[in-house]
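My numbering puts the sequence shown at residues 47 to 416. Beta carbons: idealized from backbone N, C-alpha and C, even for Gly.
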Amino acid sequence: MSAGGGHAPITAPIRTGWRQSFDPRRGLRRVRGSASAILQIVVAATAAFSFSHYVLGHPAPLLATTVTISSLGLVRDARPRRLLETLAGMLIGILISELLLLVAGSGWWQLMLALALTLLVARFLSAQPAFAIAAAIQSGIVIVIPGNAPFQRLADALVGAVAALLVTALIPRSPRAIELREARALFRAVDGTLVALVQALRRGDRLRAERGLEKARAMQALIDDWRGSLESGIAIARISPFPRRQRFELVRHERIRQSMDLATRNMRVIARRIVYVSDDGSARPVAADVLAELARGAELVAGSLDDISLEPVARATLVSVAAHLDPLTLLPDGSLGEHNLIAAMRPLAVDLLTATGMPPEEARSAVPRI
């Protein structure tokens, strides 16, 4: 039927060629996600240049800007410790080159020597490759571009370092907004995985169970992303006066993340069990209903990220599910594989309960003894 008849058209345009690879919405999301980092870089680099040029009287304070831009960057991890490590590497490279310039002047072999010394010292001091590369880049700039006075560029670099540290504290990178985005991505994956596994149990569909197992295995990267964002946010909140009020929420989310890290591991165990029991093609509605209730509890935990009042609701829902997780009671005539599947759901229930703020001992006691 045509679109005028009230139904969607059967055919629709499909993007091909460059239209398929270029999606302006992805670009806009990147810009929105990096807005605070861009603001930090612009403010810090401009302030460092202005101070070195107008206050210290340096005619071309190149390192005041390069040190600031390179240290702040657009990376997700904006922890002050990471920033300090990067700044330390740059300052070491600049100091080595400044000392070499005083002793031997500039030239091709001085560049070779400066880079070799900088990389050797940097690798000795830090296991991070980025530390050594940052030091080497600044070291090379000092040797290649002539300066007006000894250690003038070191002073510019110190100005840039101070500017970078100040904007990290005074213009923080919206730590809670970033980690919430990562958390929601994880819970969307959790929901998609549990939906696939529930459907596999209802239909006795091994292929769908295998798809659920694939989804479960892919969640570790999302957990790692969320952990990095939370660690960065908590570290920023410790030194910045502005997001300090968000520290409670960040710490609460870290507790949820730790529980969900364990929950996703147990979901992989459950998915493997479902793949095994689905081999015979039989539907298992009881196990499907139990897992669907756990999925409902996980959905409420996800909602509690924004609304803490949902934590008691999620806890009550999960306690009622956990109280019935006795394989022999649920499936008195079930097979060993089915009993093992229900038993595998017990740790998942405990992990979700701890995500609601319940102490681990109390969460474990909510599950009946078997």
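Count the C-beta pairs between the region 268-288 and the region 224-242 that are closer than 8 Å, then say yes if the count reaches three, no if not. Yes, they touch.
For the alpha helix (DSSP H) that contains A362, what are its first and last residues? Its alpha helix (DSSP H) spans residues 356-368.
DSSP state of G279, grouped into three classes? DSSP places G279 in helix when its eight states are reduced to three.
Tell me the DSSP secondary structure of G186 in three-state form. Three-state result, G186: helix.
Around the Cβ of F95, are there at least 16 other Cβ atoms within 10 angstroms (buried) or fewer (exposed)? When all chains shown are included, F95 counts as buried.
Of the choices I142, S116, L120, whose alpha-carbon is the least far from that of E131? Looking from the CA of E131, the closest CA among I142, S116, L120 belongs to S116.
Name the two residues that bound the continuous alpha helix (DSSP H) containing F170. DSSP places F170 inside the alpha helix (DSSP H), whose first and last residues are 154-171.
Taking the alpha helix (DSSP H) that P414 belongs to, which residues open and close that run? Under the DSSP assignment, P414 falls outside any alpha helix (DSSP H); it carries neither an H nor an E label.
Please classify F170: is it buried, with 16 or more other beta-carbons within 10 angstroms of its beta-carbon, or exposed? F170 counts as exposed, since fewer than 16 other C-beta atoms from the protein chains shown sit within 10 angstroms of its C-beta.
Closest to L200 by CA distance: which of I84, E384, T114 is it? Residue T114 is the option with its Cα nearest to L200.
If you draw a straight line from the alpha carbon of T375 to that of R392, how long is it in whole angstroms? Each residue's alpha carbon lies about 14 Å from the other.
For the alpha helix (DSSP H) that contains A341, what are its first and last residues? Counting along the chain, the unbroken alpha helix (DSSP H) around A341 starts and ends at 331-350.
Quick check on the burial criterion: 16 or more other C-beta atoms within 10 angstroms. Buried or exposed for P373? Classification of P373: buried, given that the 10 Å Cβ count is 16 or more.
Locate the alpha helix (DSSP H) running through M404, then write down its first and last residues. Neither: M404 is in no alpha helix (DSSP H) and is coded neither H nor E.
Where the alpha helix (DSSP H) containing A81 begins and where it ends: Here the alpha helix (DSSP H) through A81 covers 81-96.
Sufficient close CB pairs (3 or more, under 8 Å) joining the region 247-262 to the region 314-331: Touching, yes.
Determine the contact status of A181 and V244, defining contact as a CB-CB distance below 9 Å. Not a contact, by the Cβ cut-off of 9 Å.
Which same chain residues, not among the five before or five after T239, have their C-beta less than 8 Å away from its C-beta? G258, K261, A262, M265, M313, A317, listed in sequence order.
Three-way DSSP call (helix, strand, coil) for G380 in this model: Correct three-state label for G380: coil.
Compare the Cα-Cα distances from M306 to each of A395, I282, G383, I388 and report the closest residue. Measuring from the Cα of M306, the nearest candidate turns out to be A395.
How would you label L382, buried or exposed, when you count the other beta carbons within 10 angstroms and need 16 or more for buried? Of the residues assessed, L382 falls on the exposed side of the cut-off, its CB having fewer than 16 other CB atoms within 10 angstroms.
Spell out a yes or no on whether the region 130-145 and the region 174-193 are touching, meaning 3 or more CB-CB pairs, one atom from each, closer than 8 Å. With the rule of 3 Cβ pairs closer than 8 Å, the region 130-145 counts as touching the region 174-193.
Can you give me the Cβ contacts of I60 inside the same chain, cut-off strictly under 6 Å, excluding the 5 residues immediately before and after it? Only weak support is given to the placement of I60: the predicted model assigns it a pLDDT of 49, under 50, and the value that follows is read from those uncertain coordinates. Cβ neighbours of I60 beyond the five flanking positions: none.
For the structure I just gave you, are there three or more beta carbon pairs, one from the region 73-90 and one from the region 209-228, closer than 8 Å? A contact exists between the region 73-90 and the region 209-228.
Determine the burial state of A412: buried for a count of at least 16 other Cβ atoms within 10 Å of its Cβ, exposed for fewer. Classification of A412: buried, given that the 10 Å Cβ count is 16 or more.
Cutting at 6 Å between CB atoms, please list the residues of its own chain near V205, excluding the five before and the five after it. Cβ neighbours of V205 beyond the five flanking positions: A94, F97, S98, A110.
Own chain residues within Cβ distance below 6 Å of G51, not counting five before or after: Below a pLDDT of 50, predicted positions are generally treated as unreliable, and G51, at 42, falls in that range; no measurement from the model is reported.
If you follow the alpha helix (DSSP H) that A210 is in, where does it begin and where does it stop? Run containing A210: 198-216, per the alpha helix (DSSP H) assignment.
In or out: A168 buried (at least 16 other Cβ within 10 Å) or exposed? It counts as buried.
Give the secondary structure of P192 by DSSP, where H, G and I count as helix, E and B as strand, and everything else as coil. In the structure shown, P192 sits in coil (DSSP, three-state: anything other than H, G, I, E or B).
Three-state secondary structure assigned by DSSP to A31: Missing from the structure shown is residue 31; the chain here goes from 47 to 416 and no further.
Which residues in the same chain have their Cβ closer than 7 Å to the Cβ of A409, if we skip the five residues on either side of it in sequence? Within the same chain, A409 has close Cβ partners V396, L399, T400.
Tell me which residues share the same chain as F197 and place their Cβ nearer than 7 Å to its Cβ, disregarding the 5 neighbours each side in the sequence. So the qualifying residues of the chain are E144.
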